[in-house]
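**Q** Quick one: structure below, then a few questions.
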Amino acid sequence: MHYSPGAPLLRSYDLVNWEFVSHSVPELPGSQFSLNGTDHAAYVKGVWASSLGYRQSNGVFYWYGCIQGEGKTHIFTASSPEGPWTHHEPIPTCYYDLGLLIDTDDTMYIAYGAVDIHVAQLSPDGFSEVRSEVVYTEDAHRYIEGSRFYHIDGNYYIWITKPGDEQHVLKSTSGPWGPYEIKEVIAQMKAPVEGAGAPHQGGLISTENGDWLYMAFIDVYPGGSIPVLAPIEWDAEGWPQVVTDADGGWGVNYPAPIQTTKTVEGSGAYVDKFEGDILGPRWEWNHNPDNDAWSLSPDGLVLNTATVCEGLYGASNTLTQRILGPKSQGTFRLDISGMIDGDQAGVTALRQDSAYIGIHKTDGVAQLVYVDGISMDSEQDWLTTSNGYVKAEGPVIEGADLWLRIKADITPSVLGDSSNIPRYASFWYSVDGQNFEPLGPEYALNPEWYFFMGYRFGVFNWAKKNLGGSLLVKEFALEMLD
Numbered sequence: 019m020h021y022s023p024g025a026p027l028l029r030s031y032d033l034v035n036w037e038f039v040s041h042s043v044p045e046l047p048g049s050q051f052s053l054n055g056t057d058h059a060a061y062v063k064g065v066w067a068s069s070l071g072y073r074q075s076n077g078v079f080y081w082y083g084c085i086q087g088e089g090k091t092h093i094f095t096a097s098s099p100e101g102p103w104t105h106h107e108p109i110p111t112c113y114y115d116l117g118l119l120i121d122t123d124d125t126m127y128i129a130y131g132a133v134d135i136h137v138a139q140l141s142p143d144g145f146s147e148v149r150s151e152v153v154y155t156e157d158a159h160r161y162i163e164g165s166r167f168y169h170i171d172g173n174y175y176i177w178i179t180k181p182g183d184e185q186h187v188l189k190s191t192s193g194p195w196g197p198y199e200i201k202e203v204i205a206q207m208k209a210p211v212e213g214a215g216a217p218h219q220g221g222l223i224s225t226e227n228g229d230w231l232y233m234a235f236i237d238v239y240p241g242g243s244i245p246v247l248a249p250i251e252w253d254a255e256g257w258p259q260v261v262t263d264a265d266g267g268w269g270v271n272y273p274a275p276i277q278t279t280k281t282v283e284g285s286g287a288y289v290d291k292f293e294g295d296i297l298g299p300r301w302e303w304n305h306n307p308d309n310d311a312w313s314l315s316p317d318g319l320v321l322n323t324a325t326v327c328e329g330l331y332g333a334s335n336t337l338t339q340r341i342l343g344p345k346s347q348g349t350f351r352l353d354i355s356g357m358i359d360g361d362q363a364g365v366t367a368l369r370q371d372s373a374y375i376g377i378h379k380t381d382g383v384a385q386l387v388y389v390d391g392i393s394m395d396s397e398q399d400w401l402t403t404s405n406g407y408v409k410a411e412g413p414v415i416e417g418a419d420l421w422l423r424i425k426a427d428i429t430p431s432v433l434g435d436s437s438n439i440p441r442y443a444s445f446w447y448s449v450d451g452q453n454f455e456p457l458g459p460e461y462a463l464n465p466e467w468y469f470f471m472g473y474r475f476g477v478f479n480w481a482k483k484n485l486g487g488s489l490l491v492k493e494f495a496l497e498m499l500d
């Protein structure tokens with residue numbers, strides 16, 4: 019999406035425990051992905067469904083993705099997941115919701131499209147198109163998307179979804195160009211998480227011992243989407259089937275797919291003191307950052323004001339990461355001594371409807387405030403409809419140090435048995451890092467799916483008058499809550 023860097027990469031040795039590694043797209047291509055204080059932004063554009071593959075013949079990882087708002091398919095390559103990632107000349111066609119296949123003869127193909135599913139053959143270097151054909155058109159022009167492309171036991175498969183609760187597969191016994199037959203894999207299957215949407219999209223995984231699994235995702239708004247994993251079996255005709263529980267649903271528990279002693283750091287609770295030369299891979303900016311306005315210092319992350327604007331959605335250099343579910347809290351330790359008159363800095367629960375706790379600096383006074391009612395309009399290309407209102411004032415902050423905390427409950431609240439149960443975030447502050455007080459009412463989180471991404475913790479610093487102020491972020495702590 020519009021977060022930068024984009025297309026995050028995670029690593030696992032057992033398909034269950036994962037750690038963040040890097041991003042395939044170091045910076046979103048296109049000027050629309052830079053915020054300049056106005057509504058000319060690219061919310062909900064950027065990286066959508068993309069594809070990554072490893073080419074054994076040259077030891078290179080290839081990432082392909084149609085950047086929404088650009089209309090082109092961008093290509094990034096690296097010899098290691100950690101990077102560096104190199105941006106190549108884009109292919110002047112949007113391979114929508116694409117899936118990459120590097121075939122057994124080293125030929126590279128991409129399956130893509132919606133309603134009409136195409137297959138494109140790429141040049142030997144993978145950087146241009148040789149040929150493209152429609153290989154399947156859905157009856158009655160029903161919408162299908164999310165292609166993933168495989169060559170398994172002599173058959174070609176294109177794994178596709180009918181959003182957002184069905185998964186189908188196309189199979190060809192005659193080569194990558196078809197003809198293809200279609201078969202339903204799952205439909206309206208009960209999710210393993212109460213209140214979540216049905217498993218769909220995602221792709222197939224093979225293990226070294228010959229087992230196959232399906233990693234799908236489920237919608238868990240207001241938290242976004244999360245992955246789920248189930249074994250796959252194959253029938254006598256070569257069609258895949260998901261192994262279900264006794265009731266025909268996605269199982270809550272399956273045998274561990276891989277037995278190994280290798281471990282990863284994980285992606286749960288942690289503390290970041292912003293040490294080192296680069297930001298950790300969990301962090302993503304809201305749109306591309308102004309790299310001249312932030313830095314890592316021995317004391318932490320420095321956010322200089324980069325934008326003169328009226329509100330959160332137009333402000334450059336808001337740094338974010340996902341809120342972990344079902345309940346978690348994010349605590350930022352800040353030094354506000356570098357703020358100047360007109361600066362507004364703090365921490366936010368960021369989505370299409372947002373709220374924040376922070377400092378409004380006016381006439382030399384650092385006033386602690388809680389603001390909500392910040393909103394966008396999904397029917398007007400995500401234009402800002404409100405910059406919010408101060409709903410509560412806390413004390414004037416006299417010192418430099420300030421701890422700001424958001425507690426968030428993002429337990430799925432829209433679908434299934436938990437429909438229409440509201441979820442909330444609350445906002446807290448401390449001047450000593452030990453004793454925290456709430457400020458403002460609990461904030462009802464928006465559970466709608468249109469924004470795709472779930473709520474995020476974010477830290478920001480923008481100017482309403484003049485540039486020149488700064489905020490020091492000394493530490494961020496992510497903790498899970500009961």
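Going by this note's numbering, the first residue of the sequence shown is number 19, and it counts up by one from there.
Think of the CB as a built atom: it goes at the ideal place given N, C-alpha and C, for glycine as much as any other residue.
1. Determine the extent of the beta strand (DSSP E) in which Thr338 is found, giving its start and end residues.
2. If we ignore side chains and look at the alpha-carbon of each, how far apart do Lys483 and Glu107 end up?
3. Taking all protein chains shown into account, do 16 or more other C-beta atoms lie within 10 angstroms of the C-beta of Trp421, making it buried, or fewer, making it exposed?
4. Would you please state the rounded distance, in angstroms, between the beta carbons of Pro181 and His218? I believe it to be under 8 angstroms.
5. Please say whether Val261 and Ile276 have beta carbons closer to each other than 9 angstroms?
6. Whole-angstrom Cβ separation of Ala138 and Tyr154, contact assumed at under 8 angstroms?
7. Rounded to whole angstroms, what's the CA-CA distance from Leu231 to Tyr168? Just pull it up for me.
8. Is it true that the segment 464-476 meets the segment 221-240, where meeting means three or more beta-carbon pairs spaced less than 8 angstroms apart?
9. Given a cut-off of 9 angstroms, decide if His186 and Lys208 are closer than it, judged by their beta-carbon atoms.
10. Note down the Cα distance separating Ile223 from His20, rounded to an integer number of angstroms.
11. Would you kindly work out how many angstroms separate the C-alpha atoms of Arg369 and Ile392, rounded to a whole number?
12. DSSP three-state call for Asn76: helix, strand or coil?
13. When burial is assigned at 16 or more other CB atoms within 10 Å of the CB, is Gln452 buried or exposed?
14. Taking Ser372 as part of the beta strand (DSSP E), name the residues at either end of that continuous run.
15. Should Asp435 go down as buried or exposed, given a rule of 16 or more other Cβ atoms within 10 Å for buried?
16. If we count the other Cβ atoms within 10 Å of its Cβ and call it buried at 16 or more, is Pro110 buried or exposed?
17. Taking Ser372 as the reference, give the member of Trp268, Ile296 and Ser444 with the closest Cα.
18. For His20, does the three-state DSSP call read helix, strand or coil?
19. Mark His159 as exposed unless 16 or more other C-beta atoms lie within 10 angstroms of its C-beta, in which case mark it buried.
20. Does the structure place the segment 396-413 close enough to the segment 324-332 that three or more beta carbon pairs sit under 8 angstroms?
21. For the segment 473-490 against the segment 308-326, are there 3 or more C-beta pairs whose distance is under 8 angstroms?
22. Could you name the residues that DSSP lists as bridge partners for Asp263?
23. With DSSP as the reference, label Asp435 as helix, strand or coil.
**A** Reading off the structure:
1. For Thr338, the uninterrupted beta strand (DSSP E) segment begins and ends at Leu337 to Arg340.
2. A straight line joining the alpha-carbon of Lys483 with that of Glu107 spans about 40 angstroms.
3. The residue is buried, with at least 16 neighbouring Cβ atoms inside 10 Å.
4. Contact flag correct, Cβ pair sits at about 7 angstroms.
5. The answer is no: Cβ separation not under 9 angstroms.
6. The pair is not a contact, with the Cβ atoms about 14 angstroms apart (cut-off 8 angstroms).
7. When rounded, the distance between both Cα atoms is 13 angstroms.
8. A contact is defined here as three or more CB-CB pairs under 8 angstroms, and the segment 464-476 meets this definition with respect to the segment 221-240.
9. No, Cβ-Cβ distance for Lys208 and His186 is not below 9 angstroms.
10. Between Ile223 and His20, the C-alpha separation is close to 28 angstroms.
11. Just so you know, the alpha carbons of Arg369 and Ile392 end up roughly 9 angstroms apart.
12. Secondary structure of Asn76 (DSSP, three-state): coil.
13. Gln452 should be labelled exposed.
14. DSSP places Ser372 in the uninterrupted beta strand (DSSP E) bounded by Asp371 to Thr380.
15. Low confidence applies here, because Asp435 scores a pLDDT of 44, under 50, leaving its location unreliable; read the following figure in that light. Answer is exposed; the Cβ neighbour count stays below 16.
16. Around the beta carbon of Pro110, a 10 Å sphere encloses fewer than 16 other beta carbons of the protein chains shown; the residue is thus reported as exposed.
17. Nearest option by C-alpha distance: Ser444.
18. Note: His20 maps to coil in three-state DSSP.
19. Of the other Cβ atoms in all chains shown, fewer than 16 fall within 10 Å of the Cβ of His159; this residue is therefore exposed.
20. Contact between the segment 324-332 and the segment 396-413 is present, because at least three Cβ pairs lie under 8 angstroms.
21. Note that the segment 473-490 touches the segment 308-326; at least 3 beta-carbon pairs, one per stretch, sit closer than 8 angstroms.
22. DSSP output for Asp263 lists no bridge partner at all.
23. Residue confidence is low: Asp435 scores 44 on pLDDT, short of 50, so the model does not pin down where it sits. No coordinate-derived value is stated.
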